[in-house]
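What follows is one structure encoded as structure tokens, with my remarks underneath.
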Amino acid sequence: MIVDILERRTSGHAGQWYDDKDHGVQDYAAAVVNCAENRAGSEEARHASEARAREFYRRQAELDREAAIELLVQARIKDALSEQVRNWRQAEDIRVYCDRLEQRNTAQASDSADSTREWIAWARHHADAIDPLLQNPLPAMPTIKWSDEDLEPYKPERPILFGSGYLRHPF
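Quick note on numbering: the UniProt record's numbering labels position 133 of the sequence shown as 133, and the sequence is numbered without any gaps.
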């Protein structure tokens, strides 16, 4: 009779016992049981290690997702502020332009004076429409919404080893 306990992770033998003229397999029972227990303990340790690794990667993915959300929210808030400032400046520029155009139109009597006044009135109305300081209610902290696709540019470029390859976080 031959008893063979194979090492799971290598191609070699972890233990091999066989009958020979001096000893039978039963003489090695304690060694066979000890080897089997060691293998079982190694498997349990491997499973526990894999479980810890999965939990670590899950938690890391969660932390990275939270960081990506914060980066996205901050970027969108900055964009909203920049747009409001651009609109305010454009409204101010339009009003200054209208004042100058009105001065020129008053100084020069022309056939197009009525059309110019109409143009100035439209431009002033447009300036008021885009000026965030004239909005009611006034601009406030924007509410930011996002999808998982929106988070893509904000994900860390940290490779994570899963199995035999490197993968990004699947959040």
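From the three backbone atoms N, C-alpha and C, an ideal C-beta is built for every residue, glycine too.
Being a predicted model, the structure only gives us computed values, none of them experimental.
(request) Go ahead and label Asn105 buried or exposed: buried means 16 or more other beta carbons lie within 10 angstroms of its beta carbon, across all protein chains shown. (result) buried
(message) Along the chain, where does the alpha helix (DSSP H) containing Ile130 start, and where does it finish?
(response) Ala113 to Ile130
(request) Measure the beta-carbon distance from Asn87 to Pro132 and round it to whole angstroms, keeping in mind my assumption that it falls under 8 Å. (result) 6 Å
(message) To the nearest angstrom, how far is the alpha carbon of Glu92 from that of Gln103?
(response) 17 Å
(request) Might you give, ordered along the chain, the residues of its own chain that have their beta carbon closer than 7 Å to the beta carbon of Ile130, omitting 5 neighbours on each side? (result) Asn87, Gln90 and Ala91
(request) Compare the C-beta of Pro137 with all C-beta atoms of chain C and state if any pair is closer than 8 Å. (result) You won't find chain C in this structure, because it holds only one protein chain.
(message) Once the 5 residues before and after Ser11 are set aside, which same chain residues still bring their CB inside 7 Å of it?
(response) Its pLDDT being 40, under 50, Ser11 is placed unreliably by the model, and the measurement read from it follows with that caveat. Here the set comprises nothing.
(message) Using CA atoms only, rank isn't needed, just tell me which of Ile77, Glu83, Val85 and Arg124 is closest to Arg100.
(response) Arg124
(request) Classify Asp64 as buried or exposed, calling it buried when 16 or more other Cβ atoms lie within 10 Å of its own Cβ. (result) buried
(message) Can you tell me whether Pro137 is helix, strand or coil according to DSSP?
(response) Pro137: coil per DSSP, three-state reduction.
(message) Using 8 Å for Cβ pairs, my map puts Ile94 next to His126. What's the rounded Cβ distance?
(response) 7 Å
(request) Using three-state DSSP, classify Val3 as helix, strand or coil. (result) Note that Val3 scores 49 on pLDDT, short of 50, meaning its location in the model is unreliable and no value can be drawn from it.
(request) Mind the definition here: the region 55-63 touches the region 139-151 only if three or more C-beta pairs lie below 8 Å; say whether that holds. (result) no
(request) Ignore the nearest five residues each way along the sequence and tell me which others in Ala68's own chain have a CB closer than 6 Å to its CB. (result) Result list for Ala68: Leu151, Tyr154 and Lys155, in chain order.
(request) Answer yes or no: do Ala75 and Pro142 have a C-beta to C-beta separation smaller than 8 Å? (result) No, they are not a contact pair.
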